[in-house]
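Okay, so here's the structure we're looking at.
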Amino acid sequence: MPHTSLSDQLTASQRRAVEHRDGPLLILAGPGSGKTRVITQRIAQMVRRGVDPRSILAITFTNKAAGEMADRVEALLPGAKVWVSTFHKFCARLLRQHARGVGLDTNYSIFDTVDQRQLIKLTMRELDIDPVTYQPAKIAAQISSAKNRMQSSEMFVQHYEERIGNHDQAVVARVYPAYQRALLASNAVDFDDLLLHTVALLVENPELRSELDARFRYVLVDEYQDTNLAQYQIVTAISQEHRNLCATGDPDQSIYGWRGARIGNILRFENDFPEAEVVRLEENFRSTQHILASADSLIAHNVERKAKSLITDNPQGAPVELLNFYDERQEADVIASEINRMVAEGDESYNDFAIFYRVNALSRKIERALSEHRVPYQVAAGLAFYERAEIKDLLAYLRLVHNPKDVASFARVVNTPTRGIGKKTQSRLNRWASTEGLSLMVAAAQAERCPQLGARAVKALKAFTAMIEQFSLADAGSISDLLRMIIDQTQLTRGWADSDTEQDQQRLANVNELVTDASQYDTAVGSESSLEGFLETTSLVNEGDSLDGETGRVTLMTLHAAKGLEFPVVYVVGVEENLIPHERSLRSDDWREKEEERRLLFVGMTRAMRRLFLTQTLRRDFRGRSLATIPSEFLMETEFVLNNYADGLGGEWDSTANRPTHDEMDQSVPDHDVPPIAANMQHARSTKQSAKLSLTTAADLLNGTSDQADIPVGFAEGMTVRHPKYGLGTVTTLSGFSKNRAVTVQFHDRDRIETFIAAKCPLQPVGMG
DNA sequence: CAGGCCGTGCTTTTT
DNA sequence: GCACGGCCTG
1308 MPHTSLSDQL TASQRRAVEH RDGPLLILAG PGSGKTRVIT QRIAQMVRRG
1358 VDPRSILAIT FTNKAAGEMA DRVEALLPGA KVWVSTFHKF CARLLRQHAR
1408 GVGLDTNYSI FDTVDQRQLI KLTMRELDID PVTYQPAKIA AQISSAKNRM
1458 QSSEMFVQHY EERIGNHDQA VVARVYPAYQ RALLASNAVD FDDLLLHTVA
1508 LLVENPELRS ELDARFRYVL VDEYQDTNLA QYQIVTAISQ EHRNLCATGD
1558 PDQSIYGWRG ARIGNILRFE NDFPEAEVVR LEENFRSTQH ILASADSLIA
1608 HNVERKAKSL ITDNPQGAPV ELLNFYDERQ EADVIASEIN RMVAEGDESY
1658 NDFAIFYRVN ALSRKIERAL SEHRVPYQVA AGLAFYERAE IKDLLAYLRL
1708 VHNPKDVASF ARVVNTPTRG IGKKTQSRLN RWASTEGLSL MVAAAQAERC
1758 PQLGARAVKA LKAFTAMIEQ FSLADAGSIS DLLRMIIDQT QLTRGWADSD
1808 TEQDQQRLAN VNELVTDASQ YDTAVGSESS LEGFLETTSL VNEGDSLDGE
1858 TGRVTLMTLH AAKGLEFPVV YVVGVEENLI PHERSLRSDD WREKEEERRL
1908 LFVGMTRAMR RLFLTQTLRR DFRGRSLATI PSEFLMETEF VLNNYADGLG
1958 GEWDSTANRP THDEMDQSVP DHDVPPIAAN MQHARSTKQS AKLSLTTAAD
2008 LLNGTSDQAD IPVGFAEGMT VRHPKYGLGT VTTLSGFSKN RAVTVQFHDR
2058 DRIETFIAAK CPLQPVGMG
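As numbered in the numbering used here, residues 1308 to 2076 make up the first sequence, in order.
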């Protein structure tokens, strides 16, 4: 494609981003603004202007994003050697070359979360810390979060000793250093370490840093709003002399703060690089005007952001609809039958639909309704291929062959399948190996020297090590053959083939798939074939990426998983207080957490191209109990028309099954009344009519257009109130409508924060301030 | 050493 | 409400 016509297809700001070559560049790209296209064209443009492709490094977070970008660059510049990689893969490569610099051997293992947990558990046992009282997963999370703050074990311990920490921190202060030592002894790193070791490498070796700075003269980072401290330091470290750092992202789509991502990194880009050019991509090519206006109105309520407008030439489209249901059963049934109706009318096909929810737990009831209504669907969740037990087992054999010090892999397979090396034997071997200073494999090979072990255990251990030692890539010839050899000798799949349980058949199929993967790898890399390379792809690649767009199925996923995708018709279910915003963010004293929740809903809404439905119910099952819900405070910040199904007049919903009669509803839910917001909008009940309706914000409704005579409105933010039990407090938030109007109070005594239903609580207003 | 029973404790999850 | 992990029994 000649580049004149190419530029013609770009908007003015897109062109500015594409044409920009030297110096820092910040691309603030709103949802659906053609960001990936801009980045890839920019790379192509740079190369056409004489930049050496090998001096360009493009970094993404996911393999999927990296793959897409690589494909698009390849299409524009066939054969160009631009390095497109994920952060973790980039660091893994760098560390292979400089492993010694951080105390590792080049054949180090990469521990995933499961390995990590296992090693932490092992470490805790050695420290005599009860893994029941202190859950390894939680300890692991705290260690990971410390690492995200770039707090080494030494720093954590020091920090802990300087001020009195709590019980958990005392445990972490003991486990963290021991865990790091165990990792080193295993010649292994966890995901966080890949980044941290790289930072250490760059800090401790100024000459390496400047070598990389010079080698990667042009650095592009996608989704910059999701970078954590370590990633930020890596990127900035290699952009000091050659300050051609191009950061792209959208602060409004930062939804991984809880994993250490720092929205501040993108917000302060212009401080870090004062000479930066800033390009805003504000034109949206995805959604209708109604959808964008509604999403924009929501996100405008965030304080921590860069103001950015969302504009589109797309048609106005249908208004965003808020569907109000009696309960989640009805919610799921109506969604399922509505999808069927729209498909039957020929407007849409199943793969045009997506259903998003805040927590995975919500998917179950939707899935059930979809199958009952014969709606084909796929769930974007479940265990990733490489996380399945049988795959991990097989890979652990491979890892142990490659890195015999790998404790997690040893522990995983030493008795899988069972070969008489039980827990007792293992812990005796552990203890002995650590006093003797031997790795587990070496200790097991000379188990007869261990006085605590019985003859049978010794025999089993020696047989195990002898078996592992005869596995070698050189002898097997290829990785797939090595895998076949392992499967054959270990009898890992014994019994599965004859078993008629679905699970065993699935396991067998998975194992076969791994062998197929391996042979594909073998042929793809030819003589370069190495255990290292194969293991690296399997530990850093997630198969969950391969969610298909053309399956003819409705897609279900969490709001987090939805980022970066688009669907013609989107349902966001459970837009209720405590779900989104999630209760945890409401309990937090950090207001930023609620803003992240708002961004999460924003991300969900902006996935929609033509139709967007938000849903809420009056009651929802929560941990086995059915509770009255409170509408999400975010609803008041969006624009929608209400389509009420909970009043028995409901729209198109005529499913006879399981629908509560009015009598049932009266009995079971004393406060099931249609809120005024709904009553006010009863004419909005048919989906087909909605396009004719005028837009109303929930806030408008709340401000008196509706009949609310019986509602106590006497609360305001900032007001001081008295509670008979909790004493004085200050009203921090008001949310919900009508009878669901809720008041959140921060009590002055201690840290108590409580939310009440305004109509029913014993709160006495005492005055303002 | 497997299979069942009970108690616990619950977001999100790019790598 | 359900899933996972630990513990106990056959």
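Even glycine gets a Cβ: it sits at the ideal position worked out from N, Cα and C.
Reducing DSSP to helix, strand and coil, say where residue i ends up.
i	result
F1660	strand
V1302	Residue coverage of the chain in this structure runs from 1308 to 2076, which leaves residue 1302 outside it and unanswerable.
I2077	Lying outside 1308 to 2076, the shown extent of the chain, residue 2077 is not represented and no answer is given.
Q1798	coil
V1325	helix
P1484	helix
I1618	strand
R1456	coil
D1852	Because D1852 sits at a pLDDT of 48, beneath the cut-off of 50, its placement in the model cannot be relied upon, and the point is left open.
E1776	helix
I1366	strand
A1319	helix
V1686	strand
P1875	strand
L2070	coil
E1655	coil
H1709	helix
F1909	helix
S2013	Reliability fails at S2013, whose pLDDT of 33 lies under 50, so the model's placement of it is uncertain and no value is given.
F1947	strand
A1568	coil
N1885	strand
E1514	helix
As a quick exercise: from the options, pick the residue whose alpha carbon is nearest that of residue i.
i	options	result
A1336	S1601, L1842, T1555	T1555
L1919	D1829, N1950, R1355, E1375	N1950
S1594	I1662, I1887, V1876	V1876
K1396	A1387, A1319, A1373	A1373
P1581	N1609, E2061, R1550	R1550
P1338	G2025, T1913, V1478	T1913
Q1759	L1745, R1738, A1770, A1752	R1738
A1651	R1681, K1388, P1513	R1681
A1696	S1670, T1723, K1712	T1723
N1778	I1346, M1792, T1440, A1767	Strictly speaking, residue 1778 in this sequence is Phe, with Asn absent from that position. Comparing Cα-Cα distances from F1778 to each of I1346, M1792, T1440, A1767, the minimum goes to M1792.
S1416	F1771, L1509, H1709	H1709
L1429	S1787, L1384, A1715	A1715
A1687	R1706, Y1664, Y1704, L1702	Y1664
R1612	D1603, I1618, D1620, G1410	D1603
Please tell me whether, using a cut-off of 8 Å, the distance from the CB of residue i to the nearest non-hydrogen atom of the ligand NAP is below it.
i	result
E1584	The ligand NAP is not part of the structure shown, which contains no ligands of any sort.
So residue i packs on residue j, CB below 8 Å; how close in whole Å?
i	j	result
R1860	Y1684	5 Å
A1600	E1944	Their Cβ separation, rounded to whole angstroms, is 12 Å, which puts A1600 and E1944 out of contact at 8 Å.
G2034	F2063	Rounded, the Cβ-Cβ distance is 14 Å, inconsistent with contact.
Q1560	R1906	6 Å
I1573	Q1538	Not quite, the Cβ-Cβ distance comes to about 12 Å (not below 8 Å), so this is no contact.
State buried or exposed for residue i, treating a residue as buried only when at least 16 other CB atoms are found within 10 Å of its CB.
i	result
A1816	exposed
H1969	In this prediction, H1969 scores a pLDDT of 34, lower than 50, which makes its location untrustworthy; no coordinate-derived value is stated.
N1987	Caution applies to N1987, whose pLDDT of 32 falls short of 50 and renders its modelled position unreliable; the value that the coordinates give is listed next. N1987 comes out buried.
T1994	The pLDDT assigned to T1994 is 31, lower than 50, so where the model puts this residue is not dependable, and the model offers no usable value.
L1434	exposed
A1804	exposed
A1473	Before going further, note that residue 1473 is Asn rather than Ala in the sequence given. Its Cβ having fewer than 16 others within 10 Å, N1473 is exposed.
A2023	exposed
D1475	exposed
N1591	buried
M1972	Confidence is the limiting factor: at M1972 the pLDDT is only 34, short of 50, which leaves the residue's position unreliable and the question unanswerable from this model.
P1297	Nothing can be reported for residue 1297, as the shown portion of the chain is limited to 1308 through 2076.
N1819	exposed
So what does residue i bridge to, in DSSP terms?
i	result
C1553	L1332, L1527
A1495	S1416
F1632	T1924
S1392	I1366
T2037	T2027, Q2053
S1933	D1928
E1584	L1332
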